[in-house]
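Participant:
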Amino acid sequence: MLIRHQLLEIATAPGIQIYDLTGQIQAEVTAAAIHTGQVIVFSRHTTTAIAINEAEPRLFEDVTNYLRMLAPVGGLTIDAIHHSYKHNDLHLRPNIPPDEPRNAHSHLMAMTLSTSEVIPIMDGNLALGTYQAVLLFELDGPRDRTVLLQLSGLGRDG
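If you want it as structure tokens, here you go:
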């Protein structure tokens, strides 16, 4: 059985962005010559996420608005009381670098989603449904991001 690791590097744009990684992942499956197996797609950051869904621009707008509603940048208002994010109290946190962002909202969005997906490989292809794509959610850009792929499986000849 073959096990291979590959890093995808993505320079992201500001704010919430969604990137379709399906083509890059399929290219790695093809390069590894895996006929049957699986690929784990893992985000190596606390303010990004991985999900499988439709890669449609208007849906991306809906998802972005939904995430902003779940975790607004300025904090939450519950029962007419405003709650600021404790994570953003940088002066109360030890060993904070001078360029540390106030990004509690991005961490909360990431926790709502997932850090990884496992996709079966069948006949040398990602076994995704018709409208499914593997998406990287940038929740705190711009940043240089890495996504780890762990491919495992058998070649055509076993």
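Everything in the sequence shown is counted per this note's numbering, starting at 161 for the first residue and increasing by one.
For each residue, glycine too, the CB sits at the ideal point set by N, CA and C.
Kindly indicate which three-state DSSP category Gly327 falls into: helix, strand or coil?
Facilitator: Nothing can be reported for residue 327, as the shown portion of the chain is limited to 161 through 318.
Participant: If we call anything under 7 Å between Cβ atoms a contact, is Met269 one with Leu296?
Facilitator: Working through the sequence shown from its first residue, we reach residue 269 at position 109. Working through the sequence shown from its first residue, we reach residue 296 at position 136. No.
Participant: Which residue wins for smallest C-alpha separation from Gly315, given the options Ala191, His165, Glu169 and Ile176?
Facilitator: The count along the sequence shown starts at 1 and reaches residue 315 at position 155. Looking at the Cα atoms, Ala191 is the closest of the given residues.
Participant: With a threshold of 8 Å on Cβ separation, who are the neighbours of Ser244 within its own chain once the five nearest residues in sequence on each side are excluded?
Facilitator: Here residue 244 refers to the residue found at position 84 of the sequence shown. Contacts found: Gly234 and Gly235.
Participant: Which residue from Pro261, Asn213 and Asp317 puts its Cα closest to that of Asp283?
Facilitator: As a position in the sequence shown, residue 283 is number 123, starting the count at 1. Checking every option, the nearest Cα to that of Asp283 belongs to Asp317.
Participant: Can you check which of these residues, Val189, Arg204, Asn213 and Thr290, is closest to Tyr179 by C-alpha distance?
Facilitator: As a working mapping, residue 179 is identified with position 19 in the sequence shown. For the residues Val189, Arg204, Asn213 and Thr290, the minimum Cα distance to Tyr179 belongs to Asn213.
Participant: Could you pull the start and end residues of the alpha helix (DSSP H) that His247 belongs to?
Facilitator: Mapped onto the sequence shown, residue 247 falls at position 87. Per DSSP, His247 belongs to no alpha helix (DSSP H) and is neither H nor E.
Participant: Looking only at C-alpha atoms, which of Lys246, Asn225, Thr182 and Ser274 sits nearest to Ser203?
Facilitator: In the sequence shown, counting from the first residue as 1, residue 203 sits at position 43. Looking at the Cα atoms, Ser274 is the closest of the given residues.
Participant: Of all the alpha helix (DSSP H) runs that stay within the bounds of the stretch 204-244, which reach a length of 4 or more residues?
Facilitator: DSSP runs (the alpha helix (DSSP H)) wholly in the stretch 204-244: 217-230.
Participant: What are the start and end residues of the alpha helix (DSSP H) that includes Gln186?
Facilitator: Along the sequence shown, one-based indexing puts residue 186 at 26. Segment Thr182 to Ala192, the alpha helix (DSSP H) holding Gln186.
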